[in-house]
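Residue numbers (the numbering used here): 105 to 237. Okay, so here's the structure we're looking at.
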């Protein structure tokens, strides 16, 4: 692992959230802007999660970071779908929003309450660590 990888991920996370906040500040009532901000939050969480996984030495803490960055792409994809749908159609689809929220909640509950859901343990050797699925 390169020593600067976590720093670059942290920089990407900060830039992502800053851009998202600028877009949201332009018109916080716009569903397009709010869904773009959701994309920014997803990128932020994913970047921070991977950086946290890379820098932690404790396998149980690394497993928590893995679960954190497994949730982030769900937020990212759902926000991207909402963004695309609202950007193209300029209208809101509440059933799609409810479905996305329910799927995110179910996945979050499974990750939190079932320790072996998607991950079982962290394998660590002298040079790196990896996730056992």
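Backbone N, C-alpha and C define an ideal beta-carbon position, used for all residues, glycine too. The structure presented is a predicted model; accordingly, all values stated were derived computationally and were not measured.
Taking only the alpha-carbon atoms, compute the straight-line gap between residue i and residue j and give it to the nearest angstrom.
i: residue 174; j: residue 127; result: 25 Å
i: residue 119; j: residue 221; result: 31 Å
i: residue 144; j: residue 114; result: 13 Å
i: residue 178; j: residue 209; result: 10 Å
i: residue 122; j: residue 116; result: 10 Å
Apart from the five residues on each side of it in sequence, which residues of its chain come closer than 8 Å, Cβ to Cβ, to residue i?
i: residue 140; result: 124, 127, 128, 183 and 187
In this structure, does DSSP put residue i in helix, strand or coil?
i: residue 218; result: coil
i: residue 188; result: helix
i: residue 137; result: helix
i: residue 223; result: coil
i: residue 160; result: coil
Say whether chain B places a C-beta atom closer than 8 Å to the C-beta of residue i.
i: residue 165; result: Absent from the structure is chain B; it holds one protein chain and no more.
Taking Cβ to Cβ, would you say residue i is nearer than 8 Å to residue j?
i: residue 205; j: residue 180; result: no
i: residue 160; j: residue 150; result: no
Since residue i contacts residue j with CB under 8 Å, what's their CB separation in whole angstroms?
i: residue 190; j: residue 135; result: 5 Å
i: residue 171; j: residue 211; result: Not confirmed; about 10 Å, so no contact.
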